[in-house]
Every structure is written in structure tokens, then in C-alpha cells.
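Residue numbers (my numbering): 64 to 447. We put the beta carbon where it would ideally sit given N, CA and C, even for glycine. Here's the structure, in C-alpha cells; my notes come after.
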């Protein structure tokens with residue numbers, strides 16, 4: 064049975080309504096003319112142990128700070144909910160997921176998950192989903208019927224007339240490419256010496272007799288597969304190619320293209336080109352963009368339809384760049400809390416906000432809070 068969403072007033076003048084049965088999308092919201100729909104993304108919470116939110120000084124305070132300050136309509140979580148170096152057992156990861164859900168239930172706001180590469184190392188897709196969906200406001204759906212992927216589903220935003228104006232495609236970037244499967248080098252984008260951009264960190268792969276820089280990852284992360292890209296195309300068509308946002312865990316290769324071109328412009332001191340990428344905030348890449356083994360399918364689908372204007376990913380905890388490239392903004396979501404590893408001075412901690420207006424136009428902003436200094440910083444897309 065379809066589940067349509069009703070949200071109580073956010074402010075006295077701002078109401079969100081359920082779609083009241085006129086949409087085939089399970090998760091659907093309607094906004095009034097002149098209002099905004101705000102999506103708060105929490106990235107890589109990664110509890111180290113069950114019970115951590117009771118005494119941790121960064122994660123729960125950051126979540127509370129961001130929700131109270133930014134007043135979101137819904138919350139999304141872009142993967143990796145538990146982690147520790149020696150591995151985390153099934154019961155422990157399920158407890159961590161439940162703990163995050165319990166924390167978010169206090170705010171009476173719907174929240175939506177995609178999985179990260181660490182989440183299914185012990186627990187299954189279904190076990191995690193049962194834990195999430197057992198909470199009143201927690202949601203994840205299988206979506207497209209695939210044996211090896213779970214969590215490809217749509218959140219539809221309608222205008223007051225019931226027309227789709229923005230879609231949020233939650234997409235599963237899976238976890239690890241099979242160790243016993245050979246990499247097809249014809250699908251790998253290797254970089255030649257003359258193509259290397261200064262100050263851009265590259266992945267590397269053994270290629271013939273040498274290790275060559277490329278847009279894959281030598282730790283064999285997985286990616287958004289071709290059948291998922293076909294599902295995405297079908298959803299774009301179904302919703303009349305309205306503007307959209309993809310939220311996933313692993314960055315796709317467009318992140319590397321965006322940062323390569325941005326750094327090339329900076330290295331050449333071409334200020335007009337730098338401005339054309341409309342960088343938001345510090346725009347840091349402190350580690351390699353850890354995209355999948357090969358992931359051009361979803362990137363090609365994005366280019367084909369022109370619907371998606373924002374791709375938001377997590378995974379690389381000390382990257383926070385947000386850049387406009389070929390009319391698509393590629394954004395590393397700001398990491399939420401100190402789980403696993405982070406910028407230890409607390410300067411890269413907070414959340415990412417997607418604000419959708421009543422015409423369906425989505426704008427990204429980056430929000431920081433340093434738990435040590437209590438300094439807050441907010442960055443928005445520049446206008447030229």
C-alpha cells in the first residue's frame with residue numbers, strides 16, 4: 064500500500080501537504096506557492112560502538128545544532144552508520160542504526176536512508192531496512208528489484224497544483240566490487256602524464272607493467288550499475304523530466320571531472336573560469352575521490368536527460384567541495400561528527416542543505432559547526 068506523507072506545520076506560514084493519492088510515488092510531498100522544501104543531509108555518522116550517542120560530544124550535538132538551525136522539511140542520510148577498525152558485528156551495526164533512528168525520532172521529521180559501503184559488511188539489506196522502517200519516521204525502500212542492490216527509490220516534490228517539480232533519487236552505490244572479478248580495463252579512464260592536473264589526487268590501478276592514475280579506485284569500491292541507471296531514466300521520464308537531485312554514498316566520476324577542471328583553472332589563475340564553477344565554501348579535496356571501479360553509466364544518463372542538477376555524495380570524510388560542472392553541481396556532503404575519521408580540528412563538521420523553491424529549483428548550501436570552538440560557518444552558492 065502506498066504511503067503518502069503528511070507533515071505538520073514547520074512555521075505558522077509554511078505548510079507541507081501529502082500528495083493525497085494523485086501520485087504513483089510512494090514518498091511524495093506538496094508545497095504551497097512561495098514556500099520552500101528543505102532537505103538536510105547527514106553524512107557518514109559512523110558510530111564506533113552502540114550507545115555512543117549517549118556520551119559523544121560531536122555527533123549528537125552536531126545533529127541537534129543542524130536541525131534546530133536549518134529547520135528541514137525532511138532529512139536524508141547518505142550512508143555509513145557504524146564502523147570500527149576490527150570490524151563491526153551484525154547486532155552492533157543494527158544497534159547503531161537503531162540508535163541513529165531513535166535520535167532522529169525526537170524531531171518528528173521524516174528521514175530517509177541510503178546504504179554506504181560499511182553498512183552491509185555483516186547485516187543484510189533487509190535486516191537494516193527492517194530496523195530503519197520500524198521507526199515511525201524512518202524510511203528506506205528496496206525500489207528496483209535487484210538481488211544485489213537495495214535502496215533505489217524516489218522522493219517526489221509537487222507544487223500546489225499537484226505537478227512534479229523536483230525529484231530526489233536515492234541511489235545505492237553498493238559496497239565492494241567482487242575480488243574474484245577481473246577489472247575490464249576498457250571501462251577504466253586512465254590518465255596520461257600530460258593529463259595530470261596539479262593538486263588533484265588520483266586513484267591508481269596496476270595497468271600493464273606500471274601503476275597508472277585513473278578514475279577508478281584500487282580498493283575496489285563498487286558503483287551505480289547500468290540497470291540502476293536504466294531505472295533512473297525511467298523515473299526521470301515518469302516525472303516529466305522535472306529538476307532532480309541524486310543522493311548516494313560513493314561519489315561518481317563527475318566529481319573528479321569537476322575538481323580537475325576547477326583546479327586547472329586555479330593553477331592557471333584564470334579567475335573567470337574559477338568563478339564559472341561557482342565553488343561553495345572552502346572546496347577542499349584532502350583525499351582521492353573514491354569513486355567506483357567504473358561508473359560512467361549513471362553519469363551518461365545524467366547528461367542524456369539534463370534533469371539532475373545536483374549530485375550529493377559522502378564517503379570521503381575530509382572532502383567538502385561543491386562545484387558546478389556542465390550544469391550539474393557535484394557536492395561532497397559535509398561529514399556529520401567524528402565517527403571513523405574526520406578533520407581532527409573540528410573544522411569539517413556539520414551538514415549539507417538542499418533548498419527547493421516552489422518552481423522546483425534546488426540550491427545547495429554547506430553548513431559547519433566546530434564543536435571545540437563553537438564557531439559556525441554557512442556557505443551558499445555564489446551568484447555571478
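- Item | Three-state secondary structure (DSSP) of residue 240 | Reading the chain shown from its first residue, position 177 is the one you call residue 240. Note: residue 240 maps to coil in three-state DSSP.
- List the endpoints of the continuous alpha helix (DSSP H) containing residue 208. Working through the chain shown from its first residue, we reach residue 208 at position 145. That residue, residue 208, is in no alpha helix (DSSP H); it is neither H nor E in DSSP.
- Task: Pull up the distance between the alpha-carbon of residue 151 and that of residue 338, whole angstroms please.
- Result: As a first step, residue 151 is located in the chain shown; it is residue number 88 there, counting from the start. As a first step, residue 338 is located in the chain shown; it is residue number 275 there, counting from the start. Looking at the two C-alpha atoms, the distance is approximately 44 Å.
- Item | Residue burial classification, residue 412 (beta-carbon count within 10 angstroms, cutoff 16) | Mapped onto the chain shown, residue 412 falls at position 349. Result: buried.
- Item | Helix, strand or coil at residue 159 [DSSP, three-state] | By one-based count along the chain shown, residue 159 stands at place 96. Of the three classes helix, strand and coil, the one that applies to residue 159 here is helix, per DSSP.
- Item | residue 251, enclosing alpha helix (DSSP H) - first and last residue | Numbered from its first residue, the chain shown carries residue 251 at position 188. Residue 251 -> no alpha helix (DSSP H), and no H or E assigned at all.
- Express the C-alpha separation of residue 144 and residue 433 in angstroms, rounding to a whole number. By one-based count along the chain shown, residue 433 stands at place 370. By one-based count along the chain shown, residue 144 stands at place 81. The alpha-carbon atoms of residue 433 and residue 144 are separated by roughly 21 Å.
- Item | Residues near residue 71 by beta carbon distance below 8 Å, same chain, minus five either side | Your numbering for residue 71 matches position 8 in the chain shown. Its pLDDT being 35, under 50, residue 71 is placed unreliably by the model, and nothing is read from it.
- Message: Measuring only the C-alpha atoms, how far is residue 458 from residue 320?
- Response: Residue coverage of the chain in this structure runs from 64 to 447, which leaves residue 458 outside it and unanswerable.
- With contact counted as at least three CB pairs below 8 Å, one residue from each stretch, are the segment 233-242 and the segment 303-323 in contact? yes
- Which residues bound the beta strand (DSSP E) around residue 284? In the chain shown, the residue the question calls residue 284 occupies position 221. Note, residue 284: premise wrong, no beta strand (DSSP E); not H, not E.
- Which residue spans inside the segment 292-339 form an unbroken beta strand (DSSP E) run of at least 3? 306-310
- Item | Minimum C-alpha distance to residue 400 - residue among 108, 153 and 201 | As a working mapping, residue 400 is identified with position 337 in the chain shown. When only C-alpha atoms are compared, the closest one is 108.
- Of the listed residues 388, 82 and 384, nearest to residue 228 (C-alpha basis): Locating residue 228 in the chain shown gives position 165, counting from the first residue. Considering only alpha carbons, the answer is 82.
- Taking Cβ to Cβ, would you say residue 106 is nearer than 8 Å to residue 356? Along the chain shown, read from residue 1 onward, the residue named residue 106 stands at position 43. Along the chain shown, read from residue 1 onward, the residue named residue 356 stands at position 293. In this structure, residue 106 lies away from residue 356, with their beta-carbon atoms at least 8 Å apart.
- Query: Can you tell which of 419, 272 and 264 has its C-alpha closest to the C-alpha of residue 318?
  - Reply: The residue given as residue 318 occupies position 255 in the chain shown. Residue 318 has its Cα closest to that of 264, out of 419, 272 and 264.
- Contact between the segment 190-202 and the segment 159-166: three or more CB pairs below 8 Å? yes
- Message: Going by beta-carbon coordinates alone, are residue 306 and residue 425 separated by less than 8 Å?
- Response: Indexing the chain shown from 1 puts residue 306 at position 243. Indexing the chain shown from 1 puts residue 425 at position 362. A contact, by the Cβ cut-off of 8 Å.
- Below 8 Å CB to CB, which residues in the same chain sit around residue 130 once its five sequence neighbours on both sides are set aside? Within the chain shown, the letter at position 67 stands for residue 130. Closer than 8 Å at the Cβ level, and outside the excluded window around residue 130, lie 103, 138, 170 and 172.
- Query: When the Cα atoms are used, what is the spatial distance from residue 182 to residue 361?
  - Reply: By one-based count along the chain shown, residue 182 stands at place 119. By one-based count along the chain shown, residue 361 stands at place 298. When rounded, the distance between both Cα atoms is 22 Å.
- Item | For residue 128, the three-state DSSP class (helix, strand or coil) | Residue numbering aside, residue 128 sits at position 65 when the chain shown is read from its first letter. DSSP places residue 128 in helix when its eight states are reduced to three.
- Message: Since residue 133 and residue 416 should fall inside the 8 Å C-beta cutoff, what is the C-beta to C-beta distance between them, to a whole number of angstroms?
- Response: Start at 1 with the first residue of the chain shown, and residue 133 comes out as number 70. Start at 1 with the first residue of the chain shown, and residue 416 comes out as number 353. Contact holds; Cβ gap of about 5 Å.
- Task: Tell me, to the nearest whole angstrom, how far the beta carbon of residue 142 is from that of residue 430; I am working on the premise that it is less than 8 Å.
- Result: Here residue 142 is taken as the residue at index 79 of the chain shown, counted from 1. Here residue 430 is taken as the residue at index 367 of the chain shown, counted from 1. Not confirmed; about 19 Å, so no contact.
- Item | Where residue 101 falls: helix, strand or coil (DSSP) | Numbered from its first residue, the chain shown carries residue 101 at position 38. In the structure shown, residue 101 sits in a strand (DSSP, three-state: E or B).
- Message: Looking at residue 128: is its Cβ nearer than 8 Å to the Cβ of residue 166?
- Response: In the chain shown, counting from the first residue as 1, residue 128 sits at position 65. In the chain shown, counting from the first residue as 1, residue 166 sits at position 103. Contact flag unset, no.
- Could you check what DSSP says for residue 364 in three-state terms: helix, strand or coil? Against the chain shown, residue 364 aligns to sequence position 301. Helix at residue 364.
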